[in-house]
Amino acid sequence: MPPDGTRSLPSASPGAEGNVVSGERPPSRRQRFRRFRFIVYGVTALLQVVPALGASVVVSGSAAAALGALALLVTLRVLGAVVSDGRRPAVRVVVLDEPVLAHWCASLLATLLFLPSLPAAGIVSRLASLSFGSAVRGAAAFVYVASLAAAVWGFTAGRRRIAVTHVEIPIVGLDEELDGYRILQVSDLHIGNFDTKDRGFAWAARVNALAPDLVAVTGDLVTAGSTFYPDVAAVLGRLSGKDGVFVSLGNHDQSNPDALAQLIALEGPTVLRNSSRVVSRGAARLVVAGLDDRMTGRDDLARTLSGRVPGAPTVLLSHYPDFFEEAASAGVDLVLSGHTHGGQIGVPFFSKRWSLSRLARQHAPGLHIRGHSRLYVNAGLGTTGPPVRFGVAPEISVFTLRSA
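Read in order, the letters of the sequence shown correspond to residues 1229 to 1632 in our numbering.
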């Protein structure tokens, strides 16, 4: 261990290479990323139009255009830093990155609201004897200011007010010694520059105060790369359950998953990668299994469930909820998933029906039932992309097993 007390990152073990298929090669990960970045930058440029138009209410048109150009340059610079793996000073994150990203989110929402607001601008121009151009500029200013207020709330209170959800899970034939057994789930921590190690420690304290029998962590532990692997390992090491802490990995954890798993194991939790463990309560047994990552093709459900004890209920940790149907067919009693963040942004009070995740046709957050099997999709604690939550609170889920 180095003198400063930090652990060095273990080296990656070589992975198996896929078969080479003749013909045109698919685009590499770097090429896909470049295309995605080009699209994001182009959209960002378009998003400066409505704020600049709104600014022309208080400054001249040329000054508003200059402010729009400046905002574009600063936003592009911040976006470039955000997608990198580098550790940035906390002061910069708070003073520059988050305000600029709040502007980006506000600009997006204002752009979506601007065209629907034009009929109202026409009515106002007639009633107030204003030119239509003045009313349009006023509408742009109004929708941007309202959108900025919503974005600021989403960057602050929206992502810090944690919802603790309690769910009872009936299991046919559950041993009486496991009746009342409490499993706590957290997911999608995304430890990084926005959701820091200190915030992760606060989450861990909140989890431990609930005194669970077992803690399940269902992937996306970091935001990107491997820089924050030691940080998230330290956070997971703070979690406490009477029968242990079990972790599965997600798609954001694949920069060096072997190294990450080693660091977490050094802190105490058990990382399940297509494997399972048996938890005992007296003569009763509970199987806790964890799938490896689907995006990289490392998942193997048959292998994951191969070590089950006959008659023992099974809890499966799967970052992706898409495995539910297959797991239910295999007799898994409870599948715990994340991945979707509940959309991060949704219509308040109706986010289970109308959110970004539902727009993408992903599983809704919350409980899903198929026969005797249950799936719970956790909304996660952290964020990806802009660190904003609106209408979708970060979540800690507590499951109480009951004999059906």
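For every residue, glycine included, the Cβ atom is placed at its ideal position computed from N, Cα and C.
Predicted, not measured: the structure shown is a model, and the values here were computed from it.
Residue nearest to Val1278 in terms of C-alpha spacing, selected from Val1268, Ala1293, Asn1479 and Ser1565: Walking along the sequence shown from the start, residue 1278 turns up at place 50. Ranking the options by Cα distance to Val1278, first place goes to Ala1293.
message: Using 8 Å for Cβ pairs, my map puts Gly1428 next to Gly1478. What's the rounded Cβ distance?
response: In the sequence shown, counting from the first residue as 1, residue 1428 sits at position 200. In the sequence shown, counting from the first residue as 1, residue 1478 sits at position 250. No, Gly1428 and Gly1478 are not in contact; Cβ-Cβ is about 15 Å, not under 8 Å.
- request: Have a look at Ile1492 and His1480 and give me their C-alpha separation to the nearest angstrom.
  value: The residue labelled residue 1492 in the question sits at position 264 within the sequence shown. The residue labelled residue 1480 in the question sits at position 252 within the sequence shown. If you take the alpha carbons of Ile1492 and His1480, they lie about 15 Å apart.
- prompt: Leu1494 bridges to which residues according to DSSP?
  reply: Locating residue 1494 in the sequence shown gives position 266, counting from the first residue. None, per the DSSP bridge assignment.
task: Output the boundary residues of the alpha helix (DSSP H) element that contains Ala1348.
output: The residue you call residue 1348 lines up with position 120 of the sequence shown. Its alpha helix (DSSP H) spans residues Glu1326 to Leu1355.
query: What residues are listed by DSSP as bridge partners for Gln1572?
result: Along the sequence shown, one-based indexing puts residue 1572 at 344. Answer is none; Gln1572 lacks a bridge partner.
task: Starting from the C-beta of Trp1381, find all residues in its chain whose C-beta is less than 8 Å away, skip the five residues before and the five after it, and write them out in chain order.
output: Position 153 of the sequence shown, counting from 1, holds the residue named residue 1381. Same-chain partners within the cutoff: Phe1618.
message: Please tell me whether Val1371 and Ala1318 are closer than 8 Å, where the distance is taken between their beta carbons.
response: Position 143 of the sequence shown, counted from the start, is the residue given in the question as residue 1371. Position 90 of the sequence shown, counted from the start, is the residue given in the question as residue 1318. The answer is no: Cβ separation not under 8 Å.
message: Tell me which residues share the same chain as Trp1582 and place their Cβ nearer than 7 Å to its Cβ, disregarding the 5 neighbours each side in the sequence.
response: Against the sequence shown, residue 1582 aligns to sequence position 354. Gly1574 and Val1575, listed in sequence order.
field: Beta-carbon separation (whole angstroms), Leu1442 vs Ile1419, contact threshold 8 Å
entry: Your numbering for residue 1442 matches position 214 in the sequence shown. Your numbering for residue 1419 matches position 191 in the sequence shown. Wrong, their Cβ atoms sit about 22 Å apart, outside the cutoff.
message: Does Phe1456 come out as helix, strand or coil in the three-state DSSP assignment?
response: As a working mapping, residue 1456 is identified with position 228 in the sequence shown. Coil.
query: At what residues does the beta strand (DSSP E) containing Thr1446 begin and finish?
result: As a working note, residue 1446 is residue 218 in the sequence shown. Leu1442 to Thr1446 is the span of the beta strand (DSSP E), which, as asked, contains Thr1446.
- prompt: From what residue to what residue does the alpha helix (DSSP H) around Val1515 run?
  reply: Taking the sequence shown and counting its residues from 1, one reaches residue 1515 at position 287. That residue, Val1515, is in no alpha helix (DSSP H); its beta strand (DSSP E) goes Ala1512 to Gly1518.
- prompt: Nearest CA to the CA of Phe1577: which residue from Ala1621, His1596, Tyr1604 and Thr1612?
  reply: One-based indexing of the sequence shown puts residue 1577 at position 349. The option with the nearest alpha carbon to Phe1577 is Ala1621.
task: Mind checking which residues open and close the alpha helix (DSSP H) that includes Phe1383?
output: For the purposes of this step, residue 1383 is taken as the residue at position 155 of the sequence shown. Taken as a continuous stretch (DSSP letters only), the alpha helix (DSSP H) holding Phe1383 covers Phe1360 to Phe1383.
- request: Give the single residue among Leu1438, Arg1513, Gly1539 and Ala1555 whose Cα lies nearest to the Cα of Ala1530.
  value: By one-based count along the sequence shown, residue 1530 stands at place 302. When each option's Cα is compared against that of Ala1530, the closest is Ala1555.
- prompt: If Val1285 and Gly1366 are in contact, beta carbons under 8 Å, what's the gap, nearest whole angstrom?
  reply: The count along the sequence shown starts at 1 and reaches residue 1285 at position 57. The count along the sequence shown starts at 1 and reaches residue 1366 at position 138. So it is a contact: roughly 6 Å between Cβ atoms.
message: Buried or exposed for Gln1276, going by 16 or more other Cβ atoms inside 10 Å?
response: Residue mapping note: residue 1276 aligns to position 48 of the sequence shown, counting from 1. Counting Cβ neighbours within 10 Å, Gln1276 comes out buried, since at least 16 surround it.
task: Starting from Ser1585, follow the beta strand (DSSP E) in both directions and report where the run begins and ends.
output: In the sequence shown, residue 1585 corresponds to position 357, counting from 1. Taken as a continuous stretch (DSSP letters only), Ser1585 belongs to no beta strand (DSSP E), being part of the alpha helix (DSSP H) at Leu1584 to Leu1587.
message: Buried or exposed for Asp1423, going by 16 or more other Cβ atoms inside 10 Å?
response: Locating residue 1423 in the sequence shown gives position 195, where the first residue counts as 1. Counting Cβ neighbours within 10 Å, Asp1423 comes out buried, since at least 16 surround it.
message: Can you give me the C-alpha to C-alpha distance between Ala1363 and Ala1330, rounded to a whole angstrom?
response: Here the question's residue 1363 lines up with position 135 in the sequence shown. Here the question's residue 1330 lines up with position 102 in the sequence shown. Between Ala1363 and Ala1330, the C-alpha separation is close to 25 Å.
query: For Gln1413, does the three-state DSSP call read helix, strand or coil?
result: What you label residue 1413 is simply residue 185 of the sequence shown in a count that begins at 1. Strand at Gln1413.
task: Would you list the one or two residues that DSSP bridges to Val1499?
output: The count along the sequence shown starts at 1 and reaches residue 1499 at position 271. Looking at the DSSP assignment, Val1499 forms a beta bridge with Val1475.
- request: Using the Cα positions of Arg1466 and Val1516, report the straight-line distance between them to the nearest angstrom.
  value: The residue you call residue 1466 lines up with position 238 of the sequence shown. The residue you call residue 1516 lines up with position 288 of the sequence shown. One C-alpha to the other measures close to 20 Å.
- request: Answer with buried or exposed for Gly1386, where buried requires no fewer than 16 other C-beta atoms within 10 angstroms of its C-beta.
  value: Position 158 of the sequence shown holds residue 1386. So Gly1386 counts as buried.
Nearest to Gly1453 (by Cα), restricted to the options His1394, Ala1487 and Val1323: To locate residue 1453, count along the sequence shown from 1; it is residue 225. Minimum Cα distance to Gly1453 is reached at Ala1487.
message: For Val1616 and Leu1324, what's the separation of their Cα atoms in angstroms?
response: Start at 1 with the first residue of the sequence shown, and residue 1616 comes out as number 388. Start at 1 with the first residue of the sequence shown, and residue 1324 comes out as number 96. Each residue's Cα considered, the two are about 15 Å apart.
query: Should Val1310 go down as buried or exposed, given a rule of 16 or more other Cβ atoms within 10 Å for buried?
result: Taking the sequence shown and counting its residues from 1, one reaches residue 1310 at position 82. Val1310 is buried by the Cβ-count criterion.
query: According to the neighbour-count rule (16 or more other Cβ atoms, all chains shown, within 10 Å of its Cβ), is His1203 buried or exposed?
result: Beyond the ends of the chain as shown, which are 1229 and 1632, falls residue 1203; an answer cannot be given.
message: Taking contact to mean 3 or more Cβ pairs, one atom from each stretch, closer than 8 Å, check whether the region 1600-1607 and the region 1545-1562 are in contact.
response: yes
field: Per-residue burial, Gln1590 [other beta carbons within 10 Å of its own, 16 or more giving buried]
entry: Residue numbering aside, residue 1590 sits at position 362 when the sequence shown is read from its first letter. Its Cβ being crowded by 16 or more others within 10 Å, Gln1590 is buried.
- prompt: Per DSSP, Thr1542 is paired with what?
  reply: As a position in the sequence shown, residue 1542 is number 314, starting the count at 1. DSSP, once it has assigned bridges, lists Val1515 as partnering Thr1542.
Own chain partners of Ser1250 with C-beta closer than 7 Å, once the 5 adjacent residues on each side are dropped: Here residue 1250 refers to the residue found at position 22 of the sequence shown. No answer about Ser1250 holds up, because its pLDDT of 44 lies below 50 and its placement is not dependable.
- prompt: Per DSSP, what kind of secondary structure is Ser1468 in: helix, strand or coil?
  reply: Position 240 of the sequence shown, counted from the start, is the residue given in the question as residue 1468. Reduced to three states, the DSSP call for Ser1468 is coil.
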